[in-house]
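Chemist: Attaching a single structure in structure tokens format; questions to follow.
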Amino acid sequence: MANERKPDWRTLSGLPLPVSSSPEDEAFTLPDAGTPPYTRGIHETMYRSRLWTMRQYAGFSSAEATNERFKILLERGQMGLSVAFDLPTQLGLDADDELSYGEVGKVGVSISSVEDMKRLFEDIPLDNVSTSMTINAPAMVLLAMYIVAAEEQGASMSDLKGTIQNDILKEYIARGTYVFPPNESMRLITDVFAFCGEHVPKWNTISISGYHIREAGSTAVQEVAFTLANALAYVEAAIQQGLDIDAFAPRLSFFFNCHNDFFEEIAKFRAARTLWHDLMVNRYNPTNPKSAMLRFHTQVAGVSLTAQQPLNNVARVTIQALAAVIGGTQSLHTNSYDEALGLPTEASATVALRTQQIIAEESGVADTVDPIAGSWHVERLTKSVYKEAMNIIEQIEEKGGALAAIEDGWQQQEIHLSAFQHLSEVEQNKRKIVGVNHGTMDELEGIPVMKTDPTLGEQQAVRLSELRRTRDNTSVATCLEEVRRCAATDENLFPAVIEAVRARATLGEIMNVLKEKFGTYTAPSGF
1 MANERKPDWR TLSGLPLPVS SSPEDEAFTL PDAGTPPYTR GIHETMYRSR LWTMRQYAGF
61 SSAEATNERF KILLERGQMG LSVAFDLPTQ LGLDADDELS YGEVGKVGVS ISSVEDMKRL
121 FEDIPLDNVS TSMTINAPAM VLLAMYIVAA EEQGASMSDL KGTIQNDILK EYIARGTYVF
181 PPNESMRLIT DVFAFCGEHV PKWNTISISG YHIREAGSTA VQEVAFTLAN ALAYVEAAIQ
241 QGLDIDAFAP RLSFFFNCHN DFFEEIAKFR AARTLWHDLM VNRYNPTNPK SAMLRFHTQV
301 AGVSLTAQQP LNNVARVTIQ ALAAVIGGTQ SLHTNSYDEA LGLPTEASAT VALRTQQIIA
361 EESGVADTVD PIAGSWHVER LTKSVYKEAM NIIEQIEEKG GALAAIEDGW QQQEIHLSAF
421 QHLSEVEQNK RKIVGVNHGT MDELEGIPVM KTDPTLGEQQ AVRLSELRRT RDNTSVATCL
481 EEVRRCAATD ENLFPAVIEA VRARATLGEI MNVLKEKFGT YTAPSGF
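For the record, in the sequence shown the residue sitting at position 459 is 459 according to the numbering used here, with numbers rising by one throughout.
In structure tokens form, the structure reads like this:
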């Protein structure tokens, strides 16, 4: 028909959309939530028993500035902490490294030593709060700093609760903050699995992330497939290191994006839970049911936010957060409306948190389990996402698994193609983005933008100089030598790294020792 709004009705992933769905679409017949395959949720009563964790991502400038933001968010009802680190920290560089110049504290908090970590959590009891840390290549070192900071507060590592991202494969695929070659990176991850399984049992040792894959331009189906394929690679690596599936799989967690296609996103979460259950049970036959439960954190889609008419982003965030909750997320971060302009201000971060609270307390969607189950449309989409994601996983396995496919650049190329297609649709007005190519207008000034302290790099350099002057440098050298020795063996590196952190070795010093033994990695040209 000439008057139809779109010539080709499809989801963002390209799944066909009929005018309506019907029982003939063979919708899933499913057991209740809390029972396999967990399509309807991993807990029987879901949010009736306990709301999702409202975990707002925060980190900027100094440890002190971020500590102040943490306290404000906790005071206003946030349930857990989520730490954003600056780019030098993500790359394992000290703040006074020449490669850190101009980047210290810009996109996250600057952490170079356990003293910084202690300032970050000053007056926040780490045995009473759950903390998520978005850190990958140097994840072992940052977790060691967190453990030592907690111990020096008087908390035992066995009491610590939280998650460390520790997902290096998606860095090679989409995000780019890798340091070591893939095999050596996998060794660090499995060492964390083994150590925490014995000594930090409440800690989620990895958050396998589709978020950054989606932000780089993948479809929802690719997000599920690439993330679960990466997860299978971690499972295989742990098993090859001699770990039993039930010793580490219950502490695996996932991290997904939630984009604008409301029903596809709900279906994506339901399909991901089902697919992970089926993959784990059919391949590994775990005895602990939690080994086959997909537990996940969600962050709404930063890439969907516009610098044009930024207040419109409140509506986008609300739609996305609502889809995540209906889809059964375990924790949620809602982006601030000003994030296409700069770091969130205190006011915009508060609106983002209040959005979650309104959904929880006023919308009614948390009052019943899987409230959209039985919708012919959603059940058909759930089945479609499952099928298409499984097809991609099988393609990856034909290429030798996620790691081999990454080294060939296959996932990277697939994401590039999807991103290009989406951009082309926007540029050709086939896909409308309000404020960008639809509903445009002359805009008023007035949205405040946060600015970070430009002198922070110099301040951090002075602190590091003082730390190196006052610590026991003989002890530091001994501890770093032990890290070097362990890196050359099959021993678990984590205990040696913890001792180096206790002695006040810096992030960069520990990472440089590992670089000596492991080398560094540069992706082949064109990825």
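Just so you know, even glycine gets a beta-carbon here, dropped at the ideal spot from N, CA and C.
On the premise that Asn335 lies in contact with Ala324, defined as a C-beta separation below 8 Å, what is that separation, rounded to the nearest angstrom?
Modeler: Position 324 of the sequence shown, counted from the start, is the residue given in the question as residue 324. Position 335 of the sequence shown, counted from the start, is the residue given in the question as residue 335. About 12 Å; that fails the 8 Å criterion.
Chemist: Nearest to Phe518 by alpha carbon, out of Trp9, Gly162, Met450, Arg484?
Modeler: Within the sequence shown, the letter at position 518 stands for residue 518. Checked all of Trp9, Gly162, Met450, Arg484; the closest Cα to Phe518 is Arg484.
Chemist: The beta strand (DSSP E) that contains Ala225, what's its start and end?
Modeler: Reading the sequence shown from its first residue, position 225 is the one you call residue 225. Careful: Ala225 lies outside any beta strand (DSSP E), inside the alpha helix (DSSP H) at 220-240.
Chemist: Beta-carbon within less than 7 Å of Phe28's beta-carbon, same chain only, minus the 5 sequence neighbours each way: which residues are those?
Modeler: As a first step, residue 28 is located in the sequence shown; it is residue number 28 there, counting from the start. In this prediction, Phe28 has a pLDDT of 49, which is less than 50 and means its spatial position is unreliable; nothing more can be read from the coordinates.
Chemist: Nearest to Ile72 by CA position, among Arg55, Gln165, Glu362, Pro88, is which residue?
Modeler: In the sequence shown, residue 72 corresponds to position 72, counting from 1. Ranking Arg55, Gln165, Glu362, Pro88 by Cα distance to Ile72 puts Arg55 first.
Chemist: For the 8 Å Cβ check, are there 3 or more pairs between the region 89-99 and the region 122-129?
Modeler: Between the region 89-99 and the region 122-129, the count of C-beta pairs closer than 8 Å stays below three; the two stretches do not touch.
Chemist: Taking DSSP's pairing of strands, which residues face Val529 in a bridge?
Modeler: Within the shown structure, residues of the chain are numbered from 1 to 527, placing residue 529 beyond reach of any answer.
Chemist: Does the Cβ of Ala65 have 16 or more other Cβ atoms within 10 Å, making it buried, or fewer, making it exposed?
Modeler: Looking up residue 65 in the sequence shown gives position 65. When all chains shown are included, Ala65 counts as buried.
Chemist: Taking the straight line between their C-alpha atoms, what separation do you get for Gln90 and Pro138?
Modeler: As a position in the sequence shown, residue 90 is number 90, starting the count at 1. As a position in the sequence shown, residue 138 is number 138, starting the count at 1. About 7 Å.
Chemist: Checking 8 Å against the spacing of the C-beta atoms, do Thr53 and Ser331 come in under that value?
Modeler: Position 53 of the sequence shown, counting from 1, holds the residue named residue 53. Position 331 of the sequence shown, counting from 1, holds the residue named residue 331. Yes, they are a contact pair.
Chemist: With three or more C-beta pairs closer than 8 Å as the rule, is the region 491-510 touching the region 468-482?
Modeler: yes
Chemist: Which residues does DSSP pair with Phe530 in a beta bridge?
Modeler: Nothing can be reported for residue 530: it is not among the residues displayed for the chain, which extend from 1 to 527.
Chemist: For Thr452, name the three-state secondary structure that DSSP assigns.
Modeler: Position 452 of the sequence shown holds residue 452. If DSSP states are grouped into helix, strand and coil, Thr452 belongs with coil.
Chemist: Might you give, ordered along the chain, the residues of its own chain that have their beta carbon closer than 6 Å to the beta carbon of Cys258, omitting 5 neighbours on each side?
Modeler: As a position in the sequence shown, residue 258 is number 258, starting the count at 1. So the qualifying residues of the chain are Glu265, Thr298, Val300, Gln320, Ala323, Ala324.
Chemist: Where does Ser110 fall in DSSP's three states?
Modeler: For the purposes of this step, residue 110 is identified with residue 110 of the sequence shown, where counting begins at 1. It is coil, neither helix nor strand.
Chemist: Is the Cβ-Cβ distance between Ile111 and Leu228 less than 8 Å?
Modeler: Position 111 of the sequence shown, counted from the start, is the residue given in the question as residue 111. Position 228 of the sequence shown, counted from the start, is the residue given in the question as residue 228. Contact: no.
Chemist: Please list the terminal residues of the continuous alpha helix (DSSP H) segment that includes Ala315.
Modeler: By 1-based counting over the sequence shown, the position of residue 315 is 315. Ala315 -> alpha helix (DSSP H) spans 313-326.
Chemist: Just mark Leu444 as buried or exposed, buried being the case when its beta carbon has 16 or more other beta carbons within 10 Å.
Modeler: As a position in the sequence shown, residue 444 is number 444, starting the count at 1. Burial state of Leu444 is exposed, judged by a 10 Å Cβ sphere holding fewer than 16 other Cβ atoms.
Chemist: Which partner residues does Val83 have in the DSSP bridge list?
Modeler: Position 83 of the sequence shown, counted from the start, is the residue given in the question as residue 83. Looking at the DSSP assignment, Val83 forms a beta bridge with Ala58, Met133.
Chemist: Opposite Lys515 in the DSSP bridges: which residues?
Modeler: Here residue 515 is taken as the residue at index 515 of the sequence shown, counted from 1. DSSP output for Lys515 lists no bridge partner at all.
Chemist: Can you give me the Cβ contacts of His43 inside the same chain, cut-off strictly under 7 Å, excluding the 5 residues immediately before and after it?
Modeler: Taking the first residue of the sequence shown as position 1, residue 43 is located at position 43. Excluding sequence neighbours, His43 sits near Ala33, Gly34, Ser49.
Chemist: Which of the three DSSP states is assigned to Phe28 in this structure?
Modeler: Sequence index remark: in the sequence shown, residue 28 carries index 28 (1-based). Unreliable positioning characterises Phe28 in this predicted model, as indicated by a pLDDT of 49, which lies under 50. The coordinate reading is nonetheless provided below. Coil, per DSSP.
Chemist: May I ask which residues mark the beginning and end of the beta strand (DSSP E) holding Leu332?
Modeler: Translated into positions along the sequence shown, residue 332 becomes position 332. Looking at the DSSP string, the run of the beta strand (DSSP E) that includes Leu332 is 331-333.
Chemist: Just the Cα atoms here: how many angstroms apart are Lys451 and Phe60?
Modeler: Walking along the sequence shown from the start, residue 451 turns up at place 451. Walking along the sequence shown from the start, residue 60 turns up at place 60. If you take the alpha carbons of Lys451 and Phe60, they lie about 10 Å apart.
Chemist: Applying the 10 Å Cβ sphere with the 16-neighbour rule, what's the burial state of Gly176?
Modeler: Against the sequence shown, residue 176 aligns to sequence position 176. Gly176 is exposed by the Cβ-count criterion.
Chemist: So, with DSSP's three-state summary, where would you put Arg10?
Modeler: One-based indexing of the sequence shown puts residue 10 at position 10. In this structure, Arg10 counts as strand in the three-state DSSP scheme.
Chemist: State the DSSP-derived secondary structure class of Lys399, mapped to helix, strand or coil.
Modeler: Locating residue 399 in the sequence shown gives position 399, counting from the first residue. DSSP places Lys399 in coil when its eight states are reduced to three.
Chemist: Could you work out which residue in Thr205, Phe248, Ala231, Gln460 is closest to Ile396 when comparing CA atoms only?
Modeler: By 1-based counting over the sequence shown, the position of residue 396 is 396. Residue Ala231 is the option with its Cα nearest to Ile396.
Chemist: Report all residues from its chain with a CB closer than 7 Å to the CB of Glu184; omit the five preceding and five following residues, and keep chain order.
Modeler: As a working mapping, residue 184 is identified with position 184 in the sequence shown. Only Phe518 meet the Cβ criterion.
Chemist: Cα-Cα, which of Pro181, Leu160, Lys161 is closest to Ile168?
Modeler: In the sequence shown, the residue the question calls residue 168 occupies position 168. Comparing Cα-Cα distances from Ile168 to each of Pro181, Leu160, Lys161, the minimum goes to Pro181.
Chemist: To the nearest angstrom, how far is it from the Cα of Asn204 to the Cα of Pro250?
Modeler: Stepping through the sequence shown from its first residue, residue 204 is reached at position 204. Stepping through the sequence shown from its first residue, residue 250 is reached at position 250. Between Asn204 and Pro250, the C-alpha separation is close to 9 Å.
Chemist: Tell me whether Gly108 is buried or exposed, calling it buried when 16 or more other Cβ atoms sit within 10 Å of its Cβ.
Modeler: Sequence index remark: in the sequence shown, residue 108 carries index 108 (1-based). Per the 10 Å Cβ criterion, buried.
Chemist: Any idea if Met441 is buried or exposed, counting beta-carbon neighbours within 10 angstroms, 16 or more meaning buried?
Modeler: Within the sequence shown, residue 441 is the residue found at index 441, counting from 1. Residue environment analysis places Met441 among the exposed positions, since fewer than 16 neighbouring C-beta atoms fall within 10 angstroms of its C-beta.
Chemist: Is Ser207 closer than 8 Å to Phe262 when the C-beta atoms are compared?
Modeler: As a first step, residue 262 must be located in the sequence shown, where it is residue number 262. As a first step, residue 207 must be located in the sequence shown, where it is residue number 207. No, Cβ-Cβ distance for Phe262 and Ser207 is not below 8 Å.
Chemist: So, Val114 versus Asp86, is the Cβ gap smaller than 8 Å?
Modeler: Within the sequence shown, residue 114 is the residue found at index 114, counting from 1. Within the sequence shown, residue 86 is the residue found at index 86, counting from 1. No, the Cβ-Cβ distance between Val114 and Asp86 is not below 8 Å.
Chemist: Cutting at 6 Å between CB atoms, please list the residues of its own chain near His277, excluding the five before and the five after it.
Modeler: Reading the sequence shown from its first residue, position 277 is the one you call residue 277. Same-chain partners within the cutoff: Pro36, Pro37, Tyr38, Ala292.
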